[in-house]
Amino acid sequence: MVRIIPMASTIRPSLSSLKLPLLRFALSPHSPPRRLSMMHLGSAVPQSQFFGLKAAKLLRGEGNSMAMAAAGNAAQASTAATQENVLEWVKKDKRRMLHVVYRVGDLDRTIKFYTECLGMKLLRKRDIPEERYTNAFLGYGPEDSHFVIELTYNYGVDKYDIGTGFGHFGIAVEDVAKTVELIKAKGGKVTREPGPVKGGTTVIAFVEDFDGYKFELLERGPTPEPLCQVMLRVGDLDRSIKFYEKAFGMELLRKRDNPEYKYTIAMMGYGPEDKNVVLELTYNYGVTEYEKGNAYAQIAIGTDDVYKTAEAIKLAGGKITREPGPLPGISTKITACLDPDGWKAIGQDLEEEDPRLKVLKKEWFEDKDCLDIGCNSGIITIQIAKKFECRSILGIDIDSNRIEDSYWHLKKFVKLESARKTHAKSSKLEVAESANSPEQSVTASSNEETKGISRDCSPSMKRDLCDIVSFRQENFVQSRHPREKQYDTILCLSVTKWVHLNWGDDGLIALFSKIWGLLLPGGILVLEPQPWKSYQNNRQVSETTAINYKNIIFHPECFREILLDKLIEVVLLKEEIEEANQEASLLLSKINRRKNDLRKLEERIKKKKRQIGGRRGRRARSLLKLQIEEAKSEINLKENDFDEVQVRIGKMNRRLVQGRTKLCRQLRSVESIRVNNVVELIEIVNLKDEDCLDAEVVKVKVSEGVDDSIRCEIVQEATANKIKIVD
């Protein structure tokens, strides 16, 4: 059976703009049955009616018409909570500050300064050429447990305006003086020498990076969060405190007024300053507005529910700039807002599971070999392996940076799983010891635990996740995937749009055909197409996508017809068009050969006439007559060739017209089909009179509708060979 289930469209693979030539496919009508799960159709088709049989009738699947919209609506339903419930929920929500984002003019230079002078580590780096930017994540520990910096470099932009509102970042170090000396040795700029803070004893110093961002170095002992402060200036401190308390559930850790220096500060956060990152809000007496500039971007805060967070932000007086929902390209859900002073903050969902997993079924993946085409950052690939216990799953993506991200996420998942198991075992041993159990009881308990694991887990769960999941950089449309390797289940989630825009209809058919060839008998394709509206929004990504967008015939709503019924017919028609193209290209060569033959015959006749004028004789006349008869016979043969060519071209034209009509009938809404680079409308005007030899003219009519480039080629070829073009 064919499982067809609706899903949301979120993932966008990176595809380069390359031209795909017309392809030949050989799909055997005796291919073993496969199954497809299409994420937008909600129906089932019998295997006997799959791929190429016109009589397919869609049957309603048993409870399989699960709309992804339902999952989204269920999540959004939480926004209807009352004001009291939302504000109470904010206090209980598990939150932490995740990362801060800002822009730099020279990414490599900044990375070098932060790693060599400030002691940070480069956690990961990725380039997004289609959107013309690169970003890098740096910090003092893994992203899943530490506050980190996300640097963004936009192609061609080497300078930004920091403005007057942004203050500084705070870094805790064990020896401020030693750190400052190192920074000086590396050519860094020190704006305040080490010394105690005004009115206190804490030793601090200020340094500045090459883009003008200030860092406050605070002398502290070992701390789990060295990147410990983000300072922003605000126009109304009490208003800002209330906003961050209500909208993001922060605590006011301390507030200090300095009338001597005319400013007040408030430390906001989710735990003690010495162990957590804090947001330092500064109010300068009498200043209510600041220039934000375009350098500092935002701070991201983790939450259990972005929908409730968005509601809390609205209730606290913030402005939502991005409604809650998943990000394109990854499963993470976010909401974005501006605080009362215009500082941007992001609420990022800490939920690990991709919502699409809720509509996938375990039997599609359990103990099966799977392929994920366009895996992006690998998160859903890993989650499928973990949740549904695949035998193996390979994720492929055209972007090598996404593959690096995928392996980074895989290591993160493995590390978290290992820590969870270690913690669970330690807890059980502690319970046993606290109960003063004898050694054999502990052993028995351990044995029972082992038996429980063996009973509850499949063989794939006993293996390491790294043995199950793998990733590979590959252009699936153009690569030669080894046919000896086939899969029980193939996923193609939010990929079709980018294949379609970059390679047109030919690329889409190539994608579907290669998937078909890689599926085992009885295999399943889980397909999540993107709506046509998203094509419109992304058609200007490159010149190639803009051109392909205009020429696309197969809209997403036609994918069902292509996959379940019409693919073989379409592929065969493509073969016929390609064959017609080759046949038509040979036509000009045949005309040239014909012209050369006629010229040679004329030269032979003239030569024989000169021979007759010089020598008279019976034998010579007999030879001449014989050669003239041979020449006439050859001419007749060539004329017959012309007739044959004319008949073939006529058949070719009729075949193309029939093919055009066939596709129009299949797609109904399409009025005409462009067949580029095919000379399909050439008619030979066959002249049988003897003037053809003397005038050295072959007349060719090029009908309307031929591509301009092809028409130009024909005219040039005809002019070079003295062939007349009849309008």
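The sequence shown maps to residues 1 to 727 in UniProt numbering.
The C-beta atom is built at its ideal place from N, Cα and C for all residues, glycine as well.
Item	Value
Pair within 8 angstroms by beta-carbon distance, leucine 519 and tyrosine 487	yes
Span separating the alpha-carbon of arginine 356 from that of glutamate 389	16 angstroms
Outcome for lysine 246 when other beta-carbon atoms lying within 10 angstroms are tallied against a minimum of 16	buried
Given 8 angstroms, three or more beta-carbon pairs between the stretch 168 to 177 and the stretch 197 to 206	yes
Leucine 122 versus Ile128, Glu131, Asn135, residue with shortest Cα-Cα distance	Asn135
Test item: CB-CB of tyrosine 226 and alanine 300 under 8 angstroms	Inspection of the sequence shows that residue 226 is occupied by proline rather than by tyrosine. No, these two residues do not count as a Cβ contact at 8 angstroms.
Enclosing beta strand (DSSP E) for lysine 333 [first to last residue]	333 to 338
Expected contact under 8 angstroms - CB spacing of isoleucine 265 and threonine 282 to nearest Å	5 angstroms
Distance between proline 529 and valine 230 (C-alpha atoms, nearest Å)	41 angstroms
Nearest neighbour of phenylalanine 113, chosen from Gln83, Gly139, Arg132 [CA to CA]	Gly139
Closest residue to methionine 268 among Phe169, Lys255, Glu88 (Cα-Cα distance)	Lys255
Neighbourhood of alanine 297 by C-beta, 6 angstroms cutoff - its chain only, sequence neighbours within 5 removed	Val101, Tyr102
Extent of the continuous beta strand (DSSP E) run through glutamate 216	214 to 219
For serine 494, three-class secondary structure by DSSP	coil
Beta strand (DSSP E) segment containing lysine 368, residue limits	Looking at the DSSP string, lysine 368 is not in any beta strand (DSSP E), and its letter there is neither H nor E.
Residue burial classification, valine 86 (beta-carbon count within 10 angstroms, cutoff 16)	buried
Residue range of the beta strand (DSSP E) that includes glutamine 229	227 to 233
Burial state of serine 633 (16 or more Cβ within 10 Å)	exposed
Beta-carbon separation (whole angstroms), phenylalanine 471 vs cysteine 337, contact threshold 8 angstroms	That pair is no contact at about 35 angstroms.
Three-state secondary structure assigned by DSSP to alanine 345	strand
Opening and closing residue of the beta strand (DSSP E) in which threonine 545 lies	That residue, threonine 545, is in no beta strand (DSSP E); its alpha helix (DSSP H) goes 543 to 551.
Complete runs of the alpha helix (DSSP H) confined to the stretch 80 to 159 [at least 4 residues]	83 to 92, 107 to 116
Top-ranked residue by Cα proximity to glycine 504, from Thr545, Pro340, Asp369	Thr545
Aspartate 397, DSSP secondary structure in three states	strand
Burial state of leucine 563, where buried means 16 or more other Cβ atoms lie within 10 Å	buried
Aspartate 257, enclosing beta strand (DSSP E) - first and last residue	251 to 258
Any chain B beta carbon closer than 8 angstroms to valine 414	This model lacks chain B altogether; it includes just one protein chain.
Run of the beta strand (DSSP E) containing glutamine 536, from where it starts to where it stops	No beta strand (DSSP E) holds glutamine 536; the alpha helix (DSSP H) holding it covers 532 to 538.
Stretch pair the stretch 151 to 167 + the stretch 191 to 201: three plus CB contacts closer than 8 angstroms	no
Cβ shell of tyrosine 549 (< 7 angstroms), same chain only, five flanking positions each side left out	Leu501, Tyr535, Arg539
For asparagine 294, the three-state DSSP class (helix, strand or coil)	coil
CB of isoleucine 468 within 8 angstroms of CB of cysteine 492, strictly	no
Helix, strand or coil at glycine 504 according to DSSP, with G and I counted as helix	helix
Residue environment, leucine 626, which counts as buried when at least 16 other CB atoms sit within 10 Å	exposed
Rounded straight-line distance, which links the Cα of cysteine 466 to that of residue 751	The structure shown does not extend to residue 751, since the chain is modelled only from 1 through 727, so no value can be given for it.
Whole-angstrom distance between asparagine 537 and glutamate 88, CA atom to CA atom	39 angstroms
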